[in-house]
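Comments concern the structure below.
Written out as structure tokens, the structure reads:
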């Protein structure tokens, strides 16, 4: 009898505990800090789609949009940390130093910084997507679809992320069409429809008949539509902005990661991580393939997508040479993450120099 | 019946009353906008204007935000009082920040009490140099200072872009567009532990006192005032216009440059592409809201600063789009300009007597 009482007491305690944990779990609040407006149809828009997935999973969320990377970022972060948010996602590179600074003051709040490399405190994680895998797909399509063998590429800033994308794109295009050249225009902006459109125009004037972009607005695909050349959507499915020009888009799909991390906070299993997910984990998604593409190209792309996801194909498989002809990756080898993270040289076939 | 009558003289009482009226009308119109957008107007206004500064930290952030606005607006009031339309304070801020940031980087990982004064001075000189361009072009080539100073804003931002992307970018920073963090000796000291408010506020207060003295106690202030009322009179009185034009631009540029120094050696601690959320432009609103009067500018900078903070709080707690902050800034200026009509005209209510 005595034992029974103790046992039932303990089990009810356990039950009570699990119930409390379940109740607490639902109380976890996540906050998101955005660089642009949620309606930009690019970078911020996709992060907000991810936030909505967190809401759909039953958690409360807050967001602040249009937070400049000036002294204001720190105040917004501190205010969010101070007002009962358990995990804060900072979705632009420029929030790196403020994120680490505020994280130090709020050890109980988890911070998740997108695209950065500093994790100075145990409550700071970083995450990014292997967009270069998506660019391997785009390069394959561009190399097949081009007639002029000149491919235009509007780039944002000469950082490894962008150089890697240009290289991955060019390598894939060369594989299907050894004669192609990639011409780059640096826009020195992530989001400026006017500048981006001008850059696209300049590339089209130089004979490019396929335009790729590493900036966020829809101006480039719209310019391509007007000029009658092909283009690819960036960050979100941009097909509706330029139905004839857009062959496919590389979508940033943050939802699964966000839900995963917020759940981890709720369960108490959150720990510091540096996440770099690609097509395989679903962080990089290829939109529907346009019917203007020949059927055999479409099936080839589908297969490539599956192989990139499974790891059978790597975007950077040797032999890879730089512009001067020096070997970067030997035959049969693939570039490791360290090399990818610091990539600051063009591969052969890219025209021009990296701005210094 | 309502009749509008021209005043014989602009009313002095109305002159200081209209800013208050403009703020009041902005609150009413803002409440109305919140109401139309389906937010509770009073609650929204509370989150906009009271909650952000309800605690010590919030108040310190208000002062932090108001500091550059006040400093720039004081500088601008020298120009505006004397009929010189310097619209390019944002550029002078940026260039000041570039020069002082460059000096701060020269002293990377060095220590010494002498570093900070040099860094501050460099910023002021940078701002002055940059402001001297529209001033010299105006005085010697008769160019329009509005256009020149405005266009130089974009030039300065491109120079900053070039530097942080290229030669000054952090060698350990994977080529991201930012410089190294400045050493502590090149940073403005914080006034309180745990708050971001820094010694830059004393620069702003000093500017307030000095400007008051110059405006009301010196010959230069008198010259500026006369030139502001009538350039012809000033010329007739024999004032050396060119010298004064250059001087007010230099003062204005120095103030904007110091505001830039305050940002980069204060809360930011490095140079990158976004050192100012357009303080140089917003300060124009501050200068006019403060009636180009040093004390008025203090109050105006606090009012405008709160629209920045309030927009964040309102979005965090009520999901009101953050860009309403800019709507409020626009409305303040709009209502101020509109109510200035009352300076020159009065409204008379006339009964239906025959």
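Protein chains in written order, with this note's numbering: chain A, 940 to 1295; chain B, 8 to 361.
Even for Gly, the Cβ is constructed at its ideal location relative to N, Cα and C.
Expected contact under 8 Å - CB spacing of residue 1071/A and residue 1107/A to nearest Å: Here residue 1071/A corresponds to residue number 132 of the first chain, with the count starting at 1. Here residue 1107/A corresponds to residue number 168 of the first chain, with the count starting at 1. Residue 1071/A to residue 1107/A, Cβ: 4 Å. Contact.
Nonlocal neighbours in the same chain, by C-beta distance under 8 Å from residue 223/B, ignoring five residues either side: For the purposes of this step, residue 223/B is identified with residue 216 of the second chain, where counting begins at 1. Cβ neighbours of residue 223/B beyond the five flanking positions: none.
Residue 138/B beta carbon less than 8 Å from that of residue 257/B: As a first step, residue 257/B is located in the second chain; it is residue number 250 there, counting from the start. As a first step, residue 138/B is located in the second chain; it is residue number 131 there, counting from the start. Against a cut-off of 8 Å, the Cβ pair of residue 138/B and residue 257/B comes out as a contact.
Helix, strand or coil at residue 1092/A according to DSSP, with G and I counted as helix: To locate residue 1092/A, count along the first chain from 1; it is residue 153. Correct three-state label for residue 1092/A: strand.
Residues that DSSP places opposite residue 1124/A in a beta bridge: Taking the first chain and counting its residues from 1, the one referred to as residue 1124/A is at position 185. Paired residues: 1093/A.
Limits of the unbroken beta strand (DSSP E) element including residue 1191/A: To locate residue 1191/A, count along the first chain from 1; it is residue 252. Run containing residue 1191/A: 1185-1191, per the beta strand (DSSP E) assignment.
Segments assigned beta strand (DSSP E), at least 3 residues, entirely inside the segment 1007-1043 of chain A: Taken in chain order, the complete beta strand (DSSP E) segments of 3 residues or longer contained in the segment 1007-1043 of chain A are 1026-1029.
Rounded straight-line distance, which links the Cα of residue 1208/A to that of residue 954/A: Locating residue 954/A in the first chain gives position 15, where the first residue counts as 1. Locating residue 1208/A in the first chain gives position 269, where the first residue counts as 1. Annotation note: pLDDT 49 at residue 954/A (below 50); position unreliable, coordinate value reported separately. So the alpha carbons of these two residues sit roughly 20 Å apart.
Beta-bridge pairing of residue 1172/A - partner residues as DSSP gives them: Here residue 1172/A refers to the residue found at position 233 of the first chain. DSSP output for residue 1172/A lists 1188/A as bridge partner(s).
Within-8 Å CB hit, residue 162/B to chain A: Along the second chain, read from residue 1 onward, the residue named residue 162/B stands at position 155. Not an interface residue.
Candidates 354/B, 313/B, 330/B: closest to residue 30/B by CA position: Taking the first residue of the second chain as position 1, residue 30/B is located at position 23. For residue 30/B, the nearest C-alpha among the options comes from 313/B.
Selected residue, minimal CA-CA separation from residue 1270/A, among 1264/A, 1263/A, 1282/A, 1256/A: Your numbering for residue 1270/A matches position 331 in the first chain. The shortest C-alpha separation from residue 1270/A is found at 1256/A.
Terminal residues of the alpha helix (DSSP H) in which residue 1162/A lies: Indexing the first chain from 1 puts residue 1162/A at position 223. Segment 1158-1166, the alpha helix (DSSP H) holding residue 1162/A.
Beta-bridge pairing of residue 1215/A - partner residues as DSSP gives them: For this step, residue 1215/A is matched to residue 276 along the first chain. Per DSSP, 1067/A.
For residue 1236/A: DSSP bridge partner residues: Translated into positions along the first chain, residue 1236/A becomes position 297. In DSSP, residue 1236/A forms no bridge with anything.
Test: residue 21/B CB closer than 8 Å to a CB of chain A: Translated into the one-based positions of the second chain, residue 21/B becomes position 14. False, the Cβ-Cβ gap to chain A never drops below 8 Å.
Contact set between the segment 1005-1039 of chain A and chain B, restricted to residues whose Cβ is under 7 Å from the partner: 1005, 1007, 1008, 1009, 1010, 1011, 1013, 1014, 1015, 1018, 1019, 1022, 1032, 1033
For residue 967/A, three-class secondary structure by DSSP: Mapped onto the first chain, residue 967/A falls at position 28. If DSSP states are grouped into helix, strand and coil, residue 967/A belongs with coil.
8 Å Cβ cutoff met for residue 1193/A and residue 1023/A: The residue labelled residue 1193/A in the question sits at position 254 within the first chain. The residue labelled residue 1023/A in the question sits at position 84 within the first chain. Contact: no.
Closer than 9 Å at the beta carbon, the chain A residues around residue 330/B: In the second chain, residue 330/B corresponds to position 323, counting from 1. Going along chain A in sequence order, the residues near residue 330/B (Cβ under 9 Å) are 976, 1004, 1005.
Residue 1004/A beta carbon less than 8 Å from that of residue 329/B: To locate residue 329/B, count along the second chain from 1; it is residue 322. To locate residue 1004/A, count along the first chain from 1; it is residue 65. Going by C-beta atoms, residue 329/B is nearer than 8 Å to residue 1004/A.
First and last residue of the uninterrupted alpha helix (DSSP H) at residue 205/B: Working through the second chain from its first residue, we reach residue 205/B at position 198. Segment: none, residue 205/B is in no alpha helix (DSSP H) and carries neither H nor E.
Environment of residue 1277/A [buried if 16+ CB atoms lie within 10 Å]: If you number the first chain from 1, residue 1277/A lands on position 338. By the neighbour-count rule (16 or more Cβ atoms within 10 Å), residue 1277/A is not buried but exposed.
Helix, strand or coil at residue 1141/A according to DSSP, with G and I counted as helix: Position 202 of the first chain, counted from the first residue, corresponds to residue 1141/A. Helix, per DSSP.
Where residue 962/A falls, given that 16 or more other Cβ within 10 Å makes a residue buried: Taking the first chain and counting its residues from 1, one reaches residue 962/A at position 23. Bear in mind that a pLDDT of 46 at residue 962/A, under 50, signals an unreliable position, so the number given afterwards is only what the model happens to contain. With fewer than 16 Cβ atoms within 10 Å of its Cβ, residue 962/A is classed as exposed.
At least 3 beta-carbon pairs within less than 8 Å: the segment 175-195 of chain B vs the segment 108-125 of chain B: With a cut-off of 8 Å on Cβ pairs, the segment 175-195 of chain B is in contact with the segment 108-125 of chain B, counting three or more such pairs.
Below-8 Å beta-carbon distance, residue 1294/A vs any chain B residue: By one-based count along the first chain, residue 1294/A stands at place 355. Residue 1294/A counts as touching chain B.
Below-8 Å beta-carbon distance, residue 284/B vs any chain A residue: Here residue 284/B is taken as the residue at index 277 of the second chain, counted from 1. Yes, residue 284/B lies at the interface with chain A (some Cβ there is under 8 Å from its Cβ).
Sequence-distant residues of its chain with Cβ nearer than 8 Å to residue 69/B (five each side left out): On the second chain, position 62 is the one that residue 69/B refers to. Here the set comprises 59, 60, 309, 312, 313, 316.
Residue 1078/A burial status per 10 Å Cβ neighbour count (16 or more: buried): The sequence position of residue 1078/A within the first chain is 139, counting from 1. Under this definition residue 1078/A is a buried residue.
Run of the alpha helix (DSSP H) containing residue 1197/A, from where it starts to where it stops: Your numbering for residue 1197/A matches position 258 in the first chain. Residue 1197/A -> alpha helix (DSSP H) spans 1194-1206.
DSSP state of residue 121/B mapped onto helix, strand, coil: For the purposes of this step, residue 121/B is identified with residue 114 of the second chain, where counting begins at 1. Residue 121/B: coil per DSSP, three-state reduction.
Test: residue 270/B CB closer than 8 Å to a CB of chain A: For the purposes of this step, residue 270/B is taken as residue 263 along the second chain, with counting starting at 1. Closer than 8 Å to some Cβ of chain A, the Cβ of residue 270/B qualifies, so yes.
Residue-level contact to chain A via CB, residue 322/B, 8 Å cutoff: Taking the first residue of the second chain as 1, we reach residue 322/B at position 315. Chain A, which has a Cβ nearer than 8 Å to the Cβ of residue 322/B, makes this yes.
Straight-line Cα distance separating residue 152/B from residue 91/B: Taking the first residue of the second chain as 1, we reach residue 91/B at position 84. Taking the first residue of the second chain as 1, we reach residue 152/B at position 145. Distance between the alpha carbons of residue 91/B and residue 152/B: 7 Å.
beta-carbon residue 1106/A near the ligand GTP non-hydrogen atom, thresh 7 Å: In terms of ligand content, the structure shown is empty, and the ligand GTP therefore cannot be addressed.
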